[in-house]
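S.K.: Protein sequence lines correspond, in order, to chains A and B. Taking the working numbering, I'd label the letters of the first sequence as residues 308 to 580. Taking the working numbering, I'd label the letters of the second sequence as residues 73 to 427. Backbone N, C-alpha and C fix where the C-beta goes; we use that ideal spot for every residue, glycine too. After the structure tokens below, expect a handful of questions from me.
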Amino acid sequence: MKRLINHRPSRANALWMGVLPFILIGILYLFASHARLAENPDDKLLPSFSQIVQTMEKSALTPSKRSGEILFLQDTLSSLSRLGLGVLISALLGLALGIPLGLIPLVRSGLSPFVAAFSMVPPIAILPILFIVFGMGEVAKVALIVIGVTPLIVRDLQQRVEEFSREQLIKAQTLGASTWTLVIRIILPQMLPRLLDSVRLTLGTAWIFLISAEAIAATEGLGYRIFLVRRYLAMDLILPYVVWITLLAFLADFLLKKFTCKLFPWYDTKERA
Amino acid sequence: MKSFLHSTLKLFVATTLASTVMATSLLAETKEKFQVAWTIYVGWMPWDYAQQTGIIDKWAKKYGIQIEMVQVNDYVESINQYTAGKFDGCVMTNMDALTIPAAGGVDSTALIVGDFSNGNDGIILKNKKKLSDIKGQSVNLVELSVSHYLLARGLESVGLKEKDIKVINTSDADIVAAFSSKDVNALVAWNPQLSEIAGMKNASMVFDSSKIPGEIIDMLVMNTKTIEENPKLAKALTGAWYEVMALVKKGDEGALKAMAAASGTDLAGFNAQLKTTMLFHDASAAVKFTDSDALPKTMQKVSQFSFDHGILGDGAKNAEFVGMQFPNGKTYGNQSNVKLRFIDTYMKMASEGTL
Numbered sequence: 308m309k310r311l312i313n314h315r316p317s318r319a320n321a322l323w324m325g326v327l328p329f330i331l332i333g334i335l336y337l338f339a340s341h342a343r344l345a346e347n348p349d350d351k352l353l354p355s356f357s358q359i360v361q362t363m364e365k366s367a368l369t370p371s372k373r374s375g376e377i378l379f380l381q382d383t384l385s386s387l388s389r390l391g392l393g394v395l396i397s398a399l400l401g402l403a404l405g406i407p408l409g410l411i412p413l414v415r416s417g418l419s420p421f422v423a424a425f426s427m428v429p430p431i432a433i434l435p436i437l438f439i440v441f442g443m444g445e446v447a448k449v450a451l452i453v454i455g456v457t458p459l460i461v462r463d464l465q466q467r468v469e470e471f472s473r474e475q476l477i478k479a480q481t482l483g484a485s486t487w488t489l490v491i492r493i494i495l496p497q498m499l500p501r502l503l504d505s506v507r508l509t510l511g512t513a514w515i516f517l518i519s520a521e522a523i524a525a526t527e528g529l530g531y532r533i534f535l536v537r538r539y540l541a542m543d544l545i546l547p548y549v550v551w552i553t554l555l556a557f558l559a560d561f562l563l564k565k566f567t568c569k570l571f572p573w574y575d576t577k578e579r580a
Numbered sequence: 073m074k075s076f077l078h079s080t081l082k083l084f085v086a087t088t089l090a091s092t093v094m095a096t097s098l099l100a101e102t103k104e105k106f107q108v109a110w111t112i113y114v115g116w117m118p119w120d121y122a123q124q125t126g127i128i129d130k131w132a133k134k135y136g137i138q139i140e141m142v143q144v145n146d147y148v149e150s151i152n153q154y155t156a157g158k159f160d161g162c163v164m165t166n167m168d169a170l171t172i173p174a175a176g177g178v179d180s181t182a183l184i185v186g187d188f189s190n191g192n193d194g195i196i197l198k199n200k201k202k203l204s205d206i207k208g209q210s211v212n213l214v215e216l217s218v219s220h221y222l223l224a225r226g227l228e229s230v231g232l233k234e235k236d237i238k239v240i241n242t243s244d245a246d247i248v249a250a251f252s253s254k255d256v257n258a259l260v261a262w263n264p265q266l267s268e269i270a271g272m273k274n275a276s277m278v279f280d281s282s283k284i285p286g287e288i289i290d291m292l293v294m295n296t297k298t299i300e301e302n303p304k305l306a307k308a309l310t311g312a313w314y315e316v317m318a319l320v321k322k323g324d325e326g327a328l329k330a331m332a333a334a335s336g337t338d339l340a341g342f343n344a345q346l347k348t349t350m351l352f353h354d355a356s357a358a359v360k361f362t363d364s365d366a367l368p369k370t371m372q373k374v375s376q377f378s379f380d381h382g383i384l385g386d387g388a389k390n391a392e393f394v395g396m397q398f399p400n401g402k403t404y405g406n407q408s409n410v411k412l413r414f415i416d417t418y419m420k421m422a423s424e425g426t427l
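So this is what it looks like as structure tokens:
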């Protein structure tokens, strides 16, 4: 009798098993939607697939009457650019703060408690202050992502630098490396893949902050659209948007992982993934 | 492999069964107890008071039923939940009643017309004094809400169009803080946020709902089928409402203080909000308002606005898509799709004292 942990599915079976939950969710939805629509053909909570397709085609994929732009595309582009900019700034800040915090004891003693405390402040709770400092435009939305995500990256990176092998640092010092050379030649190259890992793991948080920022004040974006049409329960627009956001997040994660593998083949992503 | 397929098949059948059961339970309606949702707003605080002091229970007992008033924190969510069938009734404005439940195919009836906004909604500009100065500005407001409607009516009054300004959707919870931001120069809000903002430096209120009286109406909306099958529910709710109204009319300090505290303000603050709310203390006044010729005209404007902004849904070919009925046989829109009904039946009973 083979033990359970030694049963391995074949490739085809593994694929089938992976897809199964998605199919089941789809079927469950179909049943529930059908039952509600039989009761009330105008039901908005669980629209039929054909209705979803129709709405998406009409309100999201054809150029809007008012601006002549394709809403779905416009929403996606503005959300992605906010997210991209926010995450990029966070990553750079993370690098600029995380390395000195992890490597230089003097910096660590001075700043580490502050960073640890600051990272615990929930940014959503201090929104009014953020409005006055950053205004209510694009800057505020990117800032909310940066404030939410940077502390996580900084602390993760600091941890990685602290874990860094002492032997390498001592060896480099005996060969005459200055602190600056250590950072540039030893630490930085080895921290870059770890930074990408960190970015990958904080991407979920970044999305949450993006959607909240767009819910508060915006004129376009994926989160804006969802919160706007929620006012009249247009689930036929909300559901495809949610699926799209999930897909985008999944793709971003996948691409970052591939990118890390390609750029730093020596770095084992499996070990920390 | 065979056993694997077999178990998968079993799992499949089980899930299908489970989902069917779940789907039917979403439909199931057991009617032993009724639930009505309410949210914090000056015109709806009497519901909370009626529940807290046992007035609701008293009336429910009189008609041999059980009624629970459920407070929901998020206004739109409460209407969505009502539309999805979780509640038998919910408090909302005339516009939201049209665009959420009625446009969503849930036949709804305005059982009690409680009040209309008489200054509770307003447009505020920073450093500007007249409404026409709004031209070319960005305006922060809750898009597609009564604020948006008020803005449209305001712009109309000074010969401007919506394309003369830019609308920025802003959450009502953050709109007070938004005014302090340097990017914000114009906004539309409702009370209590409105009076908070109006009191700030450089703020001037250039237009408010008292200039369009009777167009933003707060009411108790019930599922039509539910009250047709259970007139007792309608009677009990109406009875309880006008018992509290009598206290408010009398200026009963205990009652007003309790309502003020529950809405997070004090007696003075609550009275200030009442001043900009045209509350129908007497059932007869509410009946007169509901029977008036102005109401169908207002609903026509609201319907047109909603259609122009696409919030009647994709099925709507014109503003008449959702049919409405008013007392004395007055109608508006498609009469084969009547989803919103204004009735005076129970308010009349209250005014005649026959509840």
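For R413/B and M164/B, I'd like the C-alpha separation in whole angstroms.
M.R.: As a working note, residue 413/B is residue 341 in the second sequence. As a working note, residue 164/B is residue 92 in the second sequence. The alpha-carbon atoms of R413/B and M164/B are separated by roughly 14 Å.
S.K.: Under the three-state reduction of DSSP, which class applies to Q358/A: helix, strand or coil?
M.R.: In the first sequence, the residue the question calls residue 358/A occupies position 51. Of the three classes helix, strand and coil, the one that applies to Q358/A here is helix, per DSSP.
S.K.: Could you tell me the alpha carbon to alpha carbon distance between G385/B and A169/B, rounded to whole angstroms?
M.R.: Your numbering for residue 385/B matches position 313 in the second sequence. Your numbering for residue 169/B matches position 97 in the second sequence. Approximately 14 Å, taken between the alpha carbons.
S.K.: Taking 8 Å as the CB-CB cut-off, is V178/B touching chain A?
M.R.: Indexing the second sequence from 1 puts residue 178/B at position 106. Judged by the 8 Å Cβ criterion, V178/B is in contact with chain A.
S.K.: Mind listing which residues of the segment 428-450 of chain A have their C-beta closer than 7 Å to chain B's C-betas, in chain order?
M.R.: Per Cβ criterion, the list reads L434, P435, F438, I439, G442, M443, G444.
S.K.: Distance, Cα to Cα, L197/B vs D246/B?
M.R.: Here residue 197/B refers to the residue found at position 125 of the second sequence. Here residue 246/B refers to the residue found at position 174 of the second sequence. Those two C-alpha atoms are separated by around 17 Å.
S.K.: How big is the Cα-Cα spacing for N343/B and P285/B?
M.R.: As a working note, residue 343/B is residue 271 in the second sequence. As a working note, residue 285/B is residue 213 in the second sequence. Using only the alpha carbons, I get a separation of about 19 Å.
S.K.: Looking at the unbroken beta strand (DSSP E) that takes in I406/A, where does it start and where does it end?
M.R.: Start at 1 with the first residue of the first sequence, and residue 406/A comes out as number 99. Counting along the chain, I406/A falls outside any beta strand (DSSP E), though it belongs to the alpha helix (DSSP H) covering 378-410.
S.K.: If you measure from the beta carbon of I299/B to each beta carbon in chain A, is any gap under 8 Å?
M.R.: Against the second sequence, residue 299/B aligns to sequence position 227. With 8 Å as the cut-off, I299/B does not count as an interface residue toward chain A.
S.K.: Between K564/A and chain B, is the shortest Cβ-Cβ distance under 8 Å, so that the two count as touching?
M.R.: Locating residue 564/A in the first sequence gives position 257, where the first residue counts as 1. K564/A does not count as touching chain B.
S.K.: Give a yes or no on whether 8 Å exceeds the smallest Cβ distance from L216/B to chain A.
M.R.: Taking the second sequence and counting its residues from 1, the one referred to as residue 216/B is at position 144. Yes, because at least one Cβ of chain A sits closer than 8 Å to the Cβ of L216/B.
S.K.: Is the segment 206-216 of chain B in contact with the segment 263-270 of chain B, if contact means three or more CB pairs nearer than 8 Å?
M.R.: No, because fewer than three Cβ pairs between the segment 206-216 of chain B and the segment 263-270 of chain B fall closer than 8 Å, the two stretches do not touch.
S.K.: Just to make sure I have the definition right: I need the residues of chain B whose C-beta is within less than 7 Å of the C-beta of P348/A. Which are they?
M.R.: For this step, residue 348/A is matched to residue 41 along the first sequence. Simply G177.
S.K.: Measure the beta-carbon distance from A398/A to V506/A and round it to whole angstroms, keeping in mind my assumption that it falls under 8 Å.
M.R.: Counting from 1 along the first sequence, the entry for residue 398/A is found at position 91. Counting from 1 along the first sequence, the entry for residue 506/A is found at position 199. Yes, A398/A and V506/A are in contact; Cβ-Cβ is about 5 Å, under 8 Å.
S.K.: Can we say the segment 479-495 of chain A touches the segment 426-435 of chain A, given the rule of at least three CB pairs closer than 8 Å?
M.R.: No contact exists between the segment 479-495 of chain A and the segment 426-435 of chain A.
S.K.: In chain A, which residues lie less than 9 Å from S150/B when you measure between Cβ atoms?
M.R.: Translated into positions along the second sequence, residue 150/B becomes position 78. Ordered by position in chain A, no residue passes the 9 Å Cβ test against S150/B, which lies about 12 Å from the chain.
S.K.: With DSSP run on the structure shown, which of helix, strand or coil describes Y121/B?
M.R.: For the purposes of this step, residue 121/B is taken as the residue at position 49 of the second sequence. Helix at Y121/B.
S.K.: Look at T181/B and M350/B and say whether their C-beta atoms are less than 8 Å apart.
M.R.: The residue labelled residue 181/B in the question sits at position 109 within the second sequence. The residue labelled residue 350/B in the question sits at position 278 within the second sequence. Not closer than 8 Å, so no.
S.K.: Under 8 Å, Cβ to Cβ, is there at least one residue of chain B near I452/A?
M.R.: In the first sequence, counting from the first residue as 1, residue 452/A sits at position 145. For I452/A, the answer is no, since every Cβ of chain B falls outside 8 Å of its Cβ.
S.K.: Quick check: what's the CA-CA separation for I334/A versus D244/B?
M.R.: Locating residue 334/A in the first sequence gives position 27, where the first residue counts as 1. Locating residue 244/B in the second sequence gives position 172, where the first residue counts as 1. Cα to Cα, the separation comes out at about 38 Å.
S.K.: State buried or exposed for I312/A, treating a residue as buried only when at least 16 other CB atoms are found within 10 Å of its CB.
M.R.: The residue labelled residue 312/A in the question sits at position 5 within the first sequence. Classification for I312/A: exposed.
S.K.: Between Q372/B, V410/B, N400/B, K273/B, which has its C-alpha nearest M167/B's C-alpha?
M.R.: One-based indexing of the second sequence puts residue 167/B at position 95. Here the closest residue by C-alpha is Q372/B.
S.K.: What ranges does the beta strand (DSSP E) occupy inside the segment 469-502 of chain A, keeping only unbroken runs of at least 3 residues that lie completely in it?
M.R.: As far as the segment 469-502 of chain A is concerned, it has no whole beta strand (DSSP E) run of at least 3 residues.
S.K.: Under a CB-based cut-off of 8 Å, is L540/A close to chain B?
M.R.: In the first sequence, residue 540/A corresponds to position 233, counting from 1. For L540/A, the answer is yes, since a Cβ of chain B falls inside 8 Å of its Cβ.
S.K.: Against T362/A, what residues of chain B qualify as contacts under a CB-to-CB distance less than 7 Å, listed in chain order?
M.R.: For the purposes of this step, residue 362/A is taken as the residue at position 55 of the first sequence. What T362/A touches in chain B: D386.
S.K.: With 8 Å as the C-beta to C-beta threshold (strictly closer), list the residues of the segment 255-286 of chain B near chain A in chain order.
M.R.: Residues D255, V256.
S.K.: Looking at the unbroken alpha helix (DSSP H) that takes in W323/A, where does it start and where does it end?
M.R.: Your numbering for residue 323/A matches position 16 in the first sequence. Looking at the DSSP string, the run of the alpha helix (DSSP H) that includes W323/A is 318-346.
S.K.: Taking beta-carbon pairs under 9 Å, can you tell me which members of the segment 525-536 of chain A lie near chain B?
M.R.: Result list: A525, T526, Y531, F534, L535, V536.
S.K.: Looking at T171/B and V214/B, is the spacing between their C-beta atoms short of 8 Å?
M.R.: Within the second sequence, numbered from 1, the residue matching residue 214/B stands at position 142. Within the second sequence, numbered from 1, the residue matching residue 171/B stands at position 99. Not in contact: V214/B and T171/B (Cβ atoms no closer than 8 Å).
S.K.: Is any heavy atom of the ligand FMN found at a distance shorter than 7 Å from the C-beta of S386/A?
M.R.: As for the ligand FMN, it is missing from this structure, which has no ligand bound.
S.K.: By Cβ distance, which residues of its chain are closer than 7 Å to A100/B, with the 5 residues on each side in sequence left out?
M.R.: Within the second sequence, numbered from 1, the residue matching residue 100/B stands at position 28. At A100/B the pLDDT is 44, less than 50, meaning the model places this residue with poor confidence; the figure from the coordinates comes in the next sentence. Closer than 7 Å at the Cβ level, and outside the excluded window around A100/B, lies no residue.
S.K.: What is the DSSP secondary structure of N390/B, reduced to helix, strand or coil?
M.R.: Taking the second sequence and counting its residues from 1, one reaches residue 390/B at position 318. Reduced to three states, the DSSP call for N390/B is coil.
S.K.: Closest to P173/B by CA distance: which of N152/B, E325/B, D160/B is it?
M.R.: The residue labelled residue 173/B in the question sits at position 101 within the second sequence. Among N152/B, E325/B, D160/B, the Cα nearest to that of P173/B is on N152/B.
S.K.: Mind checking which residues open and close the beta strand (DSSP E) that includes E140/B?
M.R.: Here residue 140/B corresponds to residue number 68 of the second sequence, with the count starting at 1. Where E140/B is concerned, the enclosing beta strand (DSSP E) stretches over 138-143.
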